[in-house]
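Straight run, no breaks: the sequence shown in the working numbering ends on number 141. Positions of the beta carbon are idealized from the N, C-alpha and C atoms, including for glycine. Data first, discussion second: the structure below is written as structure tokens.
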Amino acid sequence: MELAKRAGITPSMISEYESGKKSPHVDTLDKILEVLELDAHGLAAALRSAQQEATEERLRREAEEARDQAHPILRARTRAMAALADMSTAFDALTRAIEDLLLAQAEAED
32 MELAKRAGIT PSMISEYESG KKSPHVDTLD KILEVLELDA HGLAAALRSA
82 QQEATEERLR REAEEARDQA HPILRARTRA MAALADMSTA FDALTRAIED
132 LLLAQAEAED
């Protein structure tokens, strides 16, 4: 509210500038920068800093979402690997039983 008063604009205009609904006229932007005691370089640095913070926050959220989504997938993969190991063991036992059966059959024929 103080910024709007000192810059000679309404608080609702400041709100619209902040939300991106509207962009200030160059003269208005100059007045806002003057009130904030910033120059174009200071504004650019502030914007870069805000953009960097927003990017870091977005990346952190995306990493958390990816991790949360990966947990069920990793659990399912672990269960599938265990099932494959059990199947492999069962297959090996079946193979040995067939070999024993074939061997016993061959011995019986001799």
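So, helix, strand or coil for residue i, using DSSP?
i	result
Thr41	coil
Lys36	helix
Glu68	coil
I'd like to know whether the C-beta atoms of residue i and residue j end up nearer to each other than 9 Å.
i	j	result
Leu78	Asp70	no
Leu90	Val66	no
Lys62	Ala101	no
Report the rounded CA-to-CA distance for residue i versus residue j, giving the unit in angstroms.
i	j	result
Met44	Val57	14 Å
Ala107	Ala113	10 Å
Leu105	Glu96	14 Å
Asp123	Leu132	14 Å
Gln82	Asp99	26 Å
Met32	Thr109	57 Å
Ser80	Ile40	26 Å
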